[in-house]
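If you count the sequence shown from 1, position 188 lands on 188 in UniProt numbering, and the numbers rise without skipping. To start, the structure itself, in C-alpha coordinates.
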Amino acid sequence: MDTTNSNGNESIDSVTNGRNIASTPPPQSSSVSPPCATAPSISKQSSPSLLINDVKHFRVQSNEAALSLSDKIDDTQEANQVLKAQIATLEGQLQDQRSKINNTRNRMANRLDILERYIQNGTKLQDQRIQENQQVQALSQRSTDLINQRIDALEEQLIVSFKEIDEKRSKELQYFVGTSKSLNNLCNDIKIKLDKQALMVAEHDKEIAKNTETIRTTFSSEALAALEKGVCGALDMCNSKLVKMEEGHKEIQALLEGTSDKLKTASDTLISMQTKFQVLKEDVTVDLSNVNGKLGWMSENIYKNAQQLGFECDLLDHQAANDNPTQQTKEDKDATL
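And the structure:
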(Lines of atoms letter the chains of each structure in order from A; the text may use other names.)
(Lines give C-alpha, C1' and ligand atoms only; values in the text may rest on other atoms or scores of the structure.)
Protein backbone atom coordinates (compact mmCIF):
# COMPACT_ATOMS: atom_id res chain seq x y z
CA MET A 1 0.00 0.00 0.00
CA ASP A 2 2.88 2.43 0.75
CA THR A 3 4.49 1.74 -2.64
CA THR A 4 1.19 2.35 -4.45
CA ASN A 5 0.69 5.64 -2.57
CA SER A 6 4.23 6.79 -3.40
CA ASN A 7 3.76 5.86 -7.07
CA GLY A 8 0.43 7.66 -7.09
CA ASN A 9 1.97 10.78 -5.56
CA GLU A 10 4.82 10.72 -8.11
CA SER A 11 2.32 10.33 -10.97
CA ILE A 12 0.18 13.18 -9.62
CA ASP A 13 3.28 15.40 -9.34
CA SER A 14 4.26 14.54 -12.90
CA VAL A 15 0.71 15.33 -14.10
CA THR A 16 0.75 18.69 -12.34
CA ASN A 17 4.19 19.44 -13.77
CA GLY A 18 2.93 18.56 -17.26
CA ARG A 19 -0.10 20.78 -16.82
CA ASN A 20 2.11 23.64 -15.68
CA ILE A 21 4.35 23.11 -18.68
CA ALA A 22 1.32 23.05 -20.98
CA SER A 23 -0.19 26.16 -19.40
CA THR A 24 2.99 28.23 -19.62
CA PRO A 25 3.18 30.02 -22.98
CA PRO A 26 6.23 29.39 -25.12
CA PRO A 27 8.95 32.02 -24.71
CA GLN A 28 9.35 34.41 -27.62
CA SER A 29 12.77 34.98 -29.02
CA SER A 30 14.22 38.38 -28.45
CA SER A 31 15.52 38.57 -31.96
CA VAL A 32 12.08 38.30 -33.55
CA SER A 33 10.33 41.60 -33.77
CA PRO A 34 6.63 41.92 -34.39
CA PRO A 35 5.38 43.30 -37.67
CA CYS A 36 4.05 46.36 -35.97
CA ALA A 37 7.54 47.22 -34.82
CA THR A 38 9.11 46.79 -38.29
CA ALA A 39 6.43 48.76 -40.07
CA PRO A 40 7.86 52.22 -39.31
CA SER A 41 11.35 51.03 -40.30
CA ILE A 42 9.98 49.97 -43.67
CA SER A 43 8.27 53.23 -44.07
CA LYS A 44 11.37 55.18 -43.09
CA GLN A 45 13.85 53.18 -45.13
CA SER A 46 12.78 52.93 -48.69
CA SER A 47 15.71 51.11 -50.08
CA PRO A 48 14.81 47.61 -51.37
CA SER A 49 18.00 46.01 -50.15
CA LEU A 50 17.22 46.94 -46.62
CA LEU A 51 13.73 45.61 -47.01
CA ILE A 52 15.06 42.37 -48.43
CA ASN A 53 17.46 42.04 -45.56
CA ASP A 54 14.71 42.73 -43.09
CA VAL A 55 12.48 40.18 -44.77
CA LYS A 56 15.25 37.59 -44.68
CA HIS A 57 15.99 38.39 -41.12
CA PHE A 58 12.29 38.16 -40.29
CA ARG A 59 12.06 34.83 -42.11
CA VAL A 60 15.04 33.47 -40.21
CA GLN A 61 13.54 34.60 -36.94
CA SER A 62 10.15 33.17 -37.84
CA ASN A 63 11.77 29.87 -38.83
CA GLU A 64 13.69 29.74 -35.58
CA ALA A 65 10.50 30.55 -33.68
CA ALA A 66 8.66 27.86 -35.62
CA LEU A 67 11.43 25.35 -34.89
CA SER A 68 11.39 26.24 -31.22
CA LEU A 69 7.61 25.98 -31.18
CA SER A 70 7.76 22.60 -32.93
CA ASP A 71 10.34 21.44 -30.38
CA LYS A 72 8.12 22.65 -27.57
CA ILE A 73 5.12 20.96 -29.18
CA ASP A 74 7.12 17.74 -29.37
CA ASP A 75 8.12 18.15 -25.75
CA THR A 76 4.53 18.78 -24.74
CA GLN A 77 3.40 15.76 -26.76
CA GLU A 78 6.02 13.61 -25.04
CA ALA A 79 4.93 15.05 -21.69
CA ASN A 80 1.32 14.31 -22.62
CA GLN A 81 2.27 10.74 -23.54
CA VAL A 82 4.10 10.39 -20.22
CA LEU A 83 1.07 11.84 -18.47
CA LYS A 84 -1.21 9.47 -20.36
CA ALA A 85 1.01 6.54 -19.37
CA GLN A 86 0.98 7.73 -15.75
CA ILE A 87 -2.79 8.18 -15.93
CA ALA A 88 -3.08 4.65 -17.33
CA THR A 89 -0.89 3.30 -14.53
CA LEU A 90 -2.95 5.26 -12.01
CA GLU A 91 -6.14 3.88 -13.53
CA GLY A 92 -4.64 0.38 -13.32
CA GLN A 93 -3.69 1.00 -9.70
CA LEU A 94 -7.18 2.32 -9.02
CA GLN A 95 -8.61 -0.78 -10.67
CA ASP A 96 -6.34 -2.95 -8.54
CA GLN A 97 -7.36 -1.04 -5.44
CA ARG A 98 -11.02 -1.43 -6.40
CA SER A 99 -10.54 -5.16 -6.93
CA LYS A 100 -8.74 -5.40 -3.58
CA ILE A 101 -11.50 -3.43 -1.90
CA ASN A 102 -14.09 -5.69 -3.51
CA ASN A 103 -12.14 -8.75 -2.38
CA THR A 104 -11.90 -7.38 1.15
CA ARG A 105 -15.62 -6.60 1.08
CA ASN A 106 -16.35 -10.15 -0.06
CA ARG A 107 -14.03 -11.54 2.60
CA MET A 108 -15.63 -9.39 5.28
CA ALA A 109 -19.06 -10.50 4.12
CA ASN A 110 -17.96 -14.14 4.22
CA ARG A 111 -16.44 -13.61 7.65
CA LEU A 112 -19.60 -11.95 8.85
CA ASP A 113 -21.58 -14.94 7.61
CA ILE A 114 -19.15 -17.29 9.34
CA LEU A 115 -19.38 -15.24 12.54
CA GLU A 116 -23.16 -15.33 12.39
CA ARG A 117 -22.98 -19.11 11.97
CA TYR A 118 -20.53 -19.32 14.86
CA ILE A 119 -22.88 -17.25 17.00
CA GLN A 120 -25.80 -19.50 16.09
CA ASN A 121 -23.71 -22.59 16.79
CA GLY A 122 -22.53 -20.98 20.04
CA THR A 123 -26.11 -20.48 21.19
CA LYS A 124 -26.86 -24.09 20.29
CA LEU A 125 -23.76 -25.25 22.16
CA GLN A 126 -24.74 -23.14 25.16
CA ASP A 127 -28.16 -24.79 25.18
CA GLN A 128 -26.51 -28.20 24.89
CA ARG A 129 -24.11 -27.32 27.71
CA ILE A 130 -26.98 -26.21 29.90
CA GLN A 131 -28.78 -29.49 29.23
CA GLU A 132 -25.57 -31.46 29.83
CA ASN A 133 -24.95 -29.53 33.05
CA GLN A 134 -28.46 -30.37 34.21
CA GLN A 135 -27.88 -34.02 33.32
CA VAL A 136 -24.53 -33.97 35.15
CA GLN A 137 -26.20 -32.42 38.19
CA ALA A 138 -28.87 -35.11 38.17
CA LEU A 139 -26.29 -37.89 37.72
CA SER A 140 -24.06 -36.46 40.43
CA GLN A 141 -27.03 -36.22 42.79
CA ARG A 142 -27.99 -39.81 42.03
CA SER A 143 -24.41 -41.00 42.47
CA THR A 144 -24.07 -39.16 45.77
CA ASP A 145 -27.37 -40.60 46.97
CA LEU A 146 -26.32 -44.13 45.98
CA ILE A 147 -22.90 -43.69 47.58
CA ASN A 148 -24.47 -42.37 50.77
CA GLN A 149 -26.89 -45.30 50.84
CA ARG A 150 -24.06 -47.78 50.33
CA ILE A 151 -21.96 -46.09 52.98
CA ASP A 152 -24.85 -46.17 55.44
CA ALA A 153 -25.42 -49.87 54.68
CA LEU A 154 -21.71 -50.60 55.12
CA GLU A 155 -21.67 -48.68 58.39
CA GLU A 156 -24.66 -50.63 59.68
CA GLN A 157 -23.07 -53.93 58.62
CA LEU A 158 -19.77 -52.97 60.23
CA ILE A 159 -21.50 -51.92 63.44
CA VAL A 160 -23.39 -55.22 63.55
CA SER A 161 -20.22 -57.19 62.80
CA PHE A 162 -18.29 -55.29 65.47
CA LYS A 163 -21.04 -56.00 67.99
CA GLU A 164 -21.05 -59.69 67.09
CA ILE A 165 -17.26 -59.83 67.33
CA ASP A 166 -17.34 -58.09 70.71
CA GLU A 167 -19.99 -60.51 71.97
CA LYS A 168 -18.01 -63.51 70.73
CA ARG A 169 -14.85 -62.14 72.26
CA SER A 170 -16.56 -61.51 75.61
CA LYS A 171 -18.04 -65.02 75.60
CA GLU A 172 -14.72 -66.60 74.69
CA LEU A 173 -12.96 -64.57 77.34
CA GLN A 174 -15.51 -65.66 79.93
CA TYR A 175 -15.10 -69.28 78.82
CA PHE A 176 -11.30 -69.07 78.96
CA VAL A 177 -11.44 -67.36 82.36
CA GLY A 178 -13.66 -70.16 83.69
CA THR A 179 -11.44 -72.86 82.20
CA SER A 180 -8.31 -71.17 83.53
CA LYS A 181 -9.87 -70.96 87.00
CA SER A 182 -10.88 -74.61 86.90
CA LEU A 183 -7.41 -75.63 85.67
CA ASN A 184 -5.79 -73.58 88.42
CA ASN A 185 -8.01 -75.28 91.00
CA LEU A 186 -7.12 -78.71 89.60
CA CYS A 187 -3.43 -77.84 89.65
CA ASN A 188 -3.67 -76.70 93.26
CA ASP A 189 -5.53 -79.89 94.25
CA ILE A 190 -2.95 -82.06 92.47
CA LYS A 191 -0.10 -80.18 94.15
CA ILE A 192 -1.70 -80.68 97.56
CA LYS A 193 -2.19 -84.40 96.89
CA LEU A 194 1.39 -84.77 95.69
CA ASP A 195 2.69 -82.98 98.77
CA LYS A 196 0.65 -85.29 101.00
CA GLN A 197 1.87 -88.38 99.15
CA ALA A 198 5.46 -87.14 99.37
CA LEU A 199 5.09 -86.67 103.13
CA MET A 200 3.54 -90.12 103.50
CA VAL A 201 6.34 -91.70 101.44
CA ALA A 202 8.98 -89.90 103.51
CA GLU A 203 7.38 -91.09 106.77
CA HIS A 204 7.09 -94.62 105.39
CA ASP A 205 10.77 -94.54 104.37
CA LYS A 206 11.74 -93.39 107.83
CA GLU A 207 9.73 -96.20 109.44
CA ILE A 208 11.27 -98.79 107.11
CA ALA A 209 14.77 -97.48 107.85
CA LYS A 210 14.09 -97.68 111.59
CA ASN A 211 12.72 -101.21 111.27
CA THR A 212 15.73 -102.36 109.25
CA GLU A 213 18.12 -100.91 111.74
CA THR A 214 16.30 -102.61 114.66
CA ILE A 215 16.23 -105.89 112.78
CA ARG A 216 19.96 -105.68 111.97
CA THR A 217 20.85 -104.86 115.53
CA THR A 218 18.61 -107.48 117.16
CA PHE A 219 19.13 -110.39 114.77
CA SER A 220 22.70 -111.48 113.98
CA SER A 221 22.47 -115.31 113.83
CA GLU A 222 22.35 -117.47 110.77
CA ALA A 223 18.89 -118.62 111.63
CA LEU A 224 17.67 -115.17 111.23
CA ALA A 225 19.44 -114.76 107.92
CA ALA A 226 16.40 -116.18 106.20
CA LEU A 227 14.28 -113.66 107.97
CA GLU A 228 16.72 -111.02 106.88
CA LYS A 229 16.34 -112.25 103.33
CA GLY A 230 12.61 -112.07 103.70
CA VAL A 231 12.95 -108.64 105.12
CA CYS A 232 15.26 -107.75 102.23
CA GLY A 233 12.61 -109.02 99.85
CA ALA A 234 10.06 -106.94 101.68
CA LEU A 235 12.43 -104.04 101.42
CA ASP A 236 12.82 -104.71 97.72
CA MET A 237 9.05 -104.79 97.40
CA CYS A 238 8.89 -101.53 99.28
CA ASN A 239 11.60 -100.09 97.06
CA SER A 240 9.71 -101.23 93.96
CA LYS A 241 6.58 -99.63 95.38
CA LEU A 242 8.59 -96.49 96.01
CA VAL A 243 9.81 -96.59 92.42
CA LYS A 244 6.24 -96.98 91.25
CA MET A 245 5.23 -94.12 93.53
CA GLU A 246 7.97 -91.98 92.01
CA GLU A 247 6.83 -92.92 88.51
CA GLY A 248 3.28 -91.95 89.46
CA HIS A 249 4.65 -88.71 90.86
CA LYS A 250 6.44 -88.09 87.56
CA GLU A 251 3.25 -88.84 85.63
CA ILE A 252 1.35 -86.41 87.83
CA GLN A 253 4.07 -83.80 87.19
CA ALA A 254 3.75 -84.50 83.46
CA LEU A 255 0.00 -83.98 83.73
CA LEU A 256 0.63 -80.73 85.55
CA GLU A 257 3.05 -79.67 82.82
CA GLY A 258 0.41 -80.60 80.22
CA THR A 259 -2.15 -78.48 82.02
CA SER A 260 0.36 -75.62 82.12
CA ASP A 261 0.94 -76.13 78.39
CA LYS A 262 -2.81 -76.03 77.86
CA LEU A 263 -2.97 -72.79 79.84
CA LYS A 264 -0.17 -71.41 77.68
CA THR A 265 -2.00 -72.46 74.51
CA ALA A 266 -5.18 -70.88 75.85
CA SER A 267 -3.33 -67.63 76.55
CA ASP A 268 -1.70 -67.84 73.12
CA THR A 269 -5.13 -68.32 71.50
CA LEU A 270 -6.41 -65.31 73.44
CA ILE A 271 -3.47 -63.24 72.19
CA SER A 272 -3.97 -64.49 68.62
CA MET A 273 -7.68 -63.66 68.81
CA GLN A 274 -6.85 -60.20 70.09
CA THR A 275 -4.39 -59.69 67.24
CA LYS A 276 -6.93 -60.99 64.72
CA PHE A 277 -9.53 -58.62 66.12
CA GLN A 278 -7.07 -55.73 65.89
CA VAL A 279 -6.17 -56.70 62.30
CA LEU A 280 -9.87 -56.91 61.38
CA LYS A 281 -10.45 -53.50 62.94
CA GLU A 282 -7.51 -52.05 60.98
CA ASP A 283 -8.82 -53.63 57.76
CA VAL A 284 -12.22 -52.10 58.37
CA THR A 285 -10.67 -48.68 58.98
CA VAL A 286 -8.61 -49.09 55.80
CA ASP A 287 -11.78 -50.00 53.87
CA LEU A 288 -13.52 -46.93 55.26
CA SER A 289 -10.56 -44.74 54.29
CA ASN A 290 -10.59 -46.29 50.80
CA VAL A 291 -14.30 -45.56 50.51
CA ASN A 292 -13.69 -41.96 51.59
CA GLY A 293 -10.84 -41.72 49.06
CA LYS A 294 -13.08 -43.03 46.30
CA LEU A 295 -15.74 -40.51 47.29
CA GLY A 296 -13.18 -37.71 47.10
CA TRP A 297 -11.94 -38.98 43.75
CA MET A 298 -15.49 -39.12 42.38
CA SER A 299 -16.23 -35.61 43.64
CA GLU A 300 -13.03 -34.35 41.99
CA ASN A 301 -13.99 -36.03 38.70
CA ILE A 302 -17.47 -34.49 38.89
CA TYR A 303 -15.90 -31.10 39.56
CA LYS A 304 -13.51 -31.46 36.60
CA ASN A 305 -16.31 -32.56 34.27
CA ALA A 306 -18.40 -29.62 35.41
CA GLN A 307 -15.53 -27.23 34.73
CA GLN A 308 -15.04 -28.72 31.25
CA LEU A 309 -18.73 -28.27 30.49
CA GLY A 310 -18.71 -24.67 31.73
CA PHE A 311 -20.66 -25.49 34.86
CA GLU A 312 -20.80 -22.83 37.54
CA CYS A 313 -18.50 -23.47 40.49
CA ASP A 314 -20.96 -22.09 43.05
CA LEU A 315 -23.28 -25.08 42.66
CA LEU A 316 -20.37 -27.49 43.06
CA ASP A 317 -19.21 -25.64 46.17
CA HIS A 318 -22.73 -25.90 47.54
CA GLN A 319 -22.79 -29.63 46.75
CA ALA A 320 -19.35 -30.10 48.39
CA ALA A 321 -20.64 -28.27 51.46
CA ASN A 322 -23.62 -30.62 51.51
CA ASP A 323 -21.35 -33.67 51.15
CA ASN A 324 -18.87 -32.65 53.88
CA PRO A 325 -21.31 -33.13 56.84
CA THR A 326 -21.88 -36.74 55.80
CA GLN A 327 -18.13 -37.36 55.77
CA GLN A 328 -17.81 -35.70 59.19
CA THR A 329 -20.56 -37.93 60.60
CA LYS A 330 -18.76 -40.94 59.10
CA GLU A 331 -15.49 -39.94 60.76
CA ASP A 332 -17.33 -39.50 64.08
CA LYS A 333 -18.82 -42.98 63.72
CA ASP A 334 -15.38 -44.41 62.94
CA ALA A 335 -13.99 -42.69 66.04
CA THR A 336 -16.78 -44.16 68.18
CA LEU A 337 -16.08 -47.61 66.73
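Glycine included, every Cβ here is placed at the ideal spot set by N, Cα and C.
Residue state for Ser-143 is assigned as helix, using DSSP reduced to three classes. It is roughly 19 Å from the alpha-carbon of Ile-114 to the alpha-carbon of Ile-101.
Distances from the alpha-carbon of Glu-257 to those of Thr-144, Gln-278, Asn-188 and Ala-209 put Asn-188 closest. Ranked by Cα distance from Gln-278, the first of Lys-244, Arg-169 and Ala-209 is Arg-169. Counting every other CB atom within 10 Å of its CB across the protein chains shown gives Ser-49 a total below 16, marking it as exposed. Here Ser-68 carries a helix assignment [DSSP, helix/strand/coil]. Setting aside the 5 residues that flank it on each side, Leu-154 has no residue in the same chain whose C-beta is closer than 6 Å to its C-beta. The C-alpha of Lys-264 is placed about 31 Å away from the C-alpha of Thr-285. In the structure shown, Ser-47 adopts coil according to DSSP, grouped into three states.
Taking the CA atoms as reference points, Arg-150 sits about 41 Å from Gly-178.
Classified as buried, Ser-140 has 16 or more neighbouring CB atoms from the shown chains inside 10 Å of its CB. If you compare the alpha carbons of Asn-185, Met-237 and Leu-69 with that of Asp-205, the shortest gap goes to Met-237. One Cα belongs to Leu-67, the other to Ile-73, and the distance between them is close to 10 Å. Using a 10 angstroms sphere on the CB of Gln-86, the tally of other CB atoms reaches 16 or more, which defines it as buried. Residue environment for Leu-83: buried (at least 16 other C-beta atoms within 10 angstroms of its C-beta). CA-CA distance, Met-108 to Leu-94, rounds to 20 Å.
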